[in-house]
Amino acid sequence: MKKRFITNVKIFFEGAILSYRALFRWLRPATYIASKILAPLTMMIFFVFIGAYASGNNDASFYVIGNALIFAASSGIFGVTMSIGGERWSGTLPYLFGSPANRMAIFVGRAFMHILDGMLGVFIGLGWGILLFGLDLSQTHLTPLLITILITTFSTAGLGLLMGCVGLITRNVMLVNNTVYFMMLLFSGANISLESLPKWMQVISNYIPLTRGITSTRLIVAGAGINEILPLLLEEFLIGIMFALVGFFLFSTFEKQAKKLGTLEIF
Amino acid sequence: MKKIKDTLRIIGMSFEIELRQNLTDGFVLFGIVIQPLIVAFMALWMLKDKGPDYAIFIVVGSAMTGLWTTLLFNGGNSIRGERWAGTLEPLVGAPSSLRIVVFGKVLANVTQSLLSMIGCYTFISLIMGYPLTLSRPIFFLISILLTVFAFVSFGVIIASLFILIPDFQRLQNTLEFPVYILCGFLFPIALLPGWTTPISYILSPYWAARALHGSARGMLEINHIFISWVLLIIFSAIYIVGSGALYRLVLKRARVDATLNTTG
Chain A
787 MKKRFITNVK IFFEGAILSY RALFRWLRPA TYIASKILAP LTMMIFFVFI GAYASGNNDA
847 SFYVIGNALI FAASSGIFGV TMSIGGERWS GTLPYLFGSP ANRMAIFVGR AFMHILDGML
907 GVFIGLGWGI LLFGLDLSQT HLTPLLITIL ITTFSTAGLG LLMGCVGLIT RNVMLVNNTV
967 YFMMLLFSGA NISLESLPKW MQVISNYIPL TRGITSTRLI VAGAGINEIL PLLLEEFLIG
1027 IMFALVGFFL FSTFEKQAKK LGTLEIF
Chain B
1012 MKKIKDTLRI IGMSFEIELR QNLTDGFVLF GIVIQPLIVA FMALWMLKDK GPDYAIFIVV
1072 GSAMTGLWTT LLFNGGNSIR GERWAGTLEP LVGAPSSLRI VVFGKVLANV TQSLLSMIGC
1132 YTFISLIMGY PLTLSRPIFF LISILLTVFA FVSFGVIIAS LFILIPDFQR LQNTLEFPVY
1192 ILCGFLFPIA LLPGWTTPIS YILSPYWAAR ALHGSARGML EINHIFISWV LLIIFSAIYI
1252 VGSGALYRLV LKRARVDATL NTTG
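Written as structure tokens, this is what we have:
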């Protein structure tokens, strides 16, 4: 029992690190920095300026926080999806499915590094907000902020795990990823206050990751403590778990189907 | 006369092949339909207090994001895609000009991305129910034609840069939003710091956005629209002349240095 546990932990971390390295190793540091630091900044500037134009005032904090948290979704959706879906493209899926390794350890391990990466992205986003748009964190309690960022990144990675499974059965994984990512921009309240959205959109917002993470972060920056945001964070965490479990169920189903029908590498 | 006919035939053929290839590429669908519609919806919601006449501004601005994204990702990859497919050497070795072939491919990308304008118009007018009227339809039509020409000229330059400067391709994702920002697609560049204005002025998409917004909303004097057209033509001419030198460099890499197929 203990030996199996240790093996699974080893598989989890080795899989996490190897899949992350496999995804980014071909990149030069400059490319990684450009996509990690510059690209999100330009997107933030775009929405902050539309927001400033719309509201006619210079209070950018609403948009800065929303777009900083979106960076979590960037790692959670694109990174995790490519880590799982990429197994098929790189021809390693048969080895993965042929191995006796614990599937949950393999599956969830693919998200681990991207959660850390996503957190770094959010910090960078908030840093840009402070530097360029004067985001005021003087009222902010740091520990609740850290917990919120961690949970939000986790929940978006949960969605990424699900999308990674979709990536195993579709040819157009970038179409799916980009669509989901832009949908998150729309539905999560990153750039539009949730109350102003139509009711049917609010219903969708209520069931996706990120929505509560963004709301919590805005509350924390305004001075709220952990007790005020705890219910939101619990719900955000549960949404992440739910998406990850659905993803794992699909992952297991695809494995069984692919083995049974011999469709493991059919695109 | 025969040369012109041959050139037009090459443009037509590469236009057709590019369109056919794009039909199988789901990301094209994202660039010309999904992303502009989502951007349009967000902009519509964010700018709704500006009044209903802003709807046409959003249609034009959102569609221009689709134009630029398609140009950057598909047009920019015009030569790189051939390299990945292993067809770049035969293309370079053929007697037809590589620049003309790329022109046809980029023209196909830009033309199909005009669908984003139709998509945004339909979405905002029919689905969201905003009244949409073009203040100066003839001027708008001319502006669209000049915009297509300017974007294609710009795209021909970009496609060569993707081959000549490997780091340019690596920054592809980073180049998407700066053009939205600097060219005033969805907010006036007057909101930006003053030092960015000269950068906007040397980008033809800025003049395209100015002409299209100005003629769609009627907020620009006719002489200002003319100025935008003239600048669009001047920049397009500069890009086309400049692209000649760049494509000679690409061919040199292929025939003299033999480094065409070397990815950076």
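Those protein sequences? They're chains A and B, same order as listed. All residue numbers for the first sequence refer to this note's numbering, where the first residue is 787 and numbers rise by one. All residue numbers for the second sequence refer to this note's numbering, where the first residue is 1012 and numbers rise by one. From the three backbone atoms N, C-alpha and C, an ideal C-beta is built for every residue, glycine too. Just so it is clear, the structure is predicted and the values come from calculations on it, not from any experiment.
| Query | Result |
| --- | --- |
| I'd like to know whether the C-beta of Arg1181/B is nearer than 7 angstroms to at least one C-beta of chain A. | yes |
| Does Gln1032/B have its Cβ less than 7 angstroms from a Cβ in chain A? | no |
| Find the nearest neighbour of Asp1060/B within the set Phe883/A, Ser861/A, Ile978/A, Gly1011/A, judged by alpha-carbon distance. | Ile978/A |
| With burial defined as no fewer than 16 other Cβ atoms inside 10 Å of the residue's Cβ, what is the status of Arg1020/B: buried or exposed? | exposed |
| Could you give the DSSP three-state label for Leu996/A: helix, strand or coil? | coil |
| In the segment 794–842 of chain A, which residue ranges form an unbroken alpha helix (DSSP H) of at least 4 residues, counting only runs that do not cross its ends? | 815–819, 825–841 |
| Using C-beta distances below 7 angstroms, list every residue in its chain close to Arg1228/B, excluding the 5 sequence neighbours before and after it, in chain order. | Asp1064, Ile1067, Phe1068, Ser1146 |
| Note the first and the last residue of the continuous alpha helix (DSSP H) segment covering Asp922/A. | Taken as a continuous stretch (DSSP letters only), Asp922/A belongs to no alpha helix (DSSP H), as it is neither H nor E. |
| Residues in the same chain with beta-carbon distance under 6 angstroms from Phe1173/B, minus the five sequence neighbours each way, listed in chain order, please. | Gly1087, Arg1091, Phe1179, Gln1180 |
| Would you say the segment 884–892 of chain A touches the segment 960–972 of chain A, given that touching needs at least three Cβ pairs under 8 angstroms? | no |
| What residue range does the alpha helix (DSSP H) around Asp1017/B cover? | 1013–1033 |
| Run down chain A in chain order and give the residues with a C-beta less than 9 angstroms from the C-beta of Pro1047/B. | Neighbours of Pro1047/B on chain A: none; closest Cβ ~10 angstroms, over 9 angstroms. |
| Does Phe864/A have its Cβ less than 7 angstroms from a Cβ in chain B? | no |
| So, using beta-carbon positions, are Ile930/A and Ile1012/A closer together than 7 angstroms? | Sequence check: residue 930/A is Pro here, not Ile. In contact: Pro930/A and Ile1012/A (Cβ atoms closer than 7 angstroms). |
| Counting only runs that start and end within the segment 1141–1184 of chain B, where is the alpha helix (DSSP H) found for 4 or more residues in a row? | 1148–1175, 1177–1181 |
| Is it right to say Pro1148/B is buried, meaning 16 or more other beta carbons lie within 10 angstroms of its own, or is it exposed? | exposed |
| Look at the alpha carbon of Leu1078/B and the alpha carbon of Leu1137/B, and state the distance between them as a whole number of angstroms. | 22 angstroms |
| Which class does Gly1275/B belong to by DSSP, given the choice of helix, strand or coil? | Note on Gly1275/B: pLDDT 48, under 50, position unreliable in the model; the coordinate value appears next. Looking at Gly1275/B - three-state DSSP - the assignment turns out to be coil, as it is neither helix nor strand. |
| For Asn958/A, would you say it is in contact with chain B, using Cβ-to-Cβ distances shorter than 7 angstroms as the test? | yes |
| Can you check which of these residues, Phe919/A, Phe799/A, Gly872/A, Gly1026/A, is closest to Phe832/A by C-alpha distance? | Phe919/A |
| When you compare only the Cα positions, how much space is there between Trp875/A and Leu945/A? | 20 angstroms |
| Given that Phe832/A touches chain B, what residues does it touch there, using C-beta distances under 7 angstroms? | Phe1188, Tyr1191, Ile1192 |
| Is Met1075/B buried or exposed, if buried means 16 or more other CB atoms sit within 10 Å of its CB? | buried |
| Measuring only the C-alpha atoms, how far is Gly1062/B from Gly842/A? | 14 angstroms |
| Just to check, is the beta-carbon of Arg896/A closer than 6 angstroms to a non-hydrogen atom of the ligand ADP? | Absence of the ligand ADP from the depicted structure is noted, as is the absence of any ligand whatsoever, leaving it without description. |
| Just verifying my parser: in three-state terms, what is the DSSP assignment at Val1267/B? | coil |
| Can the beta-carbon of Arg1139/B be found closer than 7 angstroms to that of Ala840/A? | Note on residue identity: the sequence assigns Met, not Arg, to residue 1139/B. No. |
| Can you give the Cα-Cα distance for Asp845/A and Glu1187/B, rounded to whole angstroms? | 25 angstroms |
| Does the pairing of the segment 993–1007 of chain A with the segment 1017–1025 of chain A give three or more beta-carbon distances under 8 angstroms? | yes |
| Quick check on the burial criterion: 16 or more other C-beta atoms within 10 angstroms. Buried or exposed for Asp922/A? | exposed |
| Can you tell me the Cα-Cα spacing of Gly1275/B and Ile1192/B, whole angstroms? | Any reading at Gly1275/B needs caution, since the residue's pLDDT is 48, under 50, leaving its predicted position unreliable; the model's value is listed next. The alpha-carbon atoms of Gly1275/B and Ile1192/B are separated by roughly 29 angstroms. |
| Give a yes or no on whether the minimum CB-CB distance between Tyr967/A and chain B is below 7 angstroms. | no |
| Could you tell me whether the Cβ of Thr1185/B comes closer than 7 angstroms to any Cβ of chain A? | yes |
| At the 7 angstroms Cβ level, is Gly1037/B part of the contact set with chain A, yes or no? | yes |
| By the DSSP assignment, the alpha helix (DSSP H) with Met1028/A in it spans what residues? | 1012–1047 |
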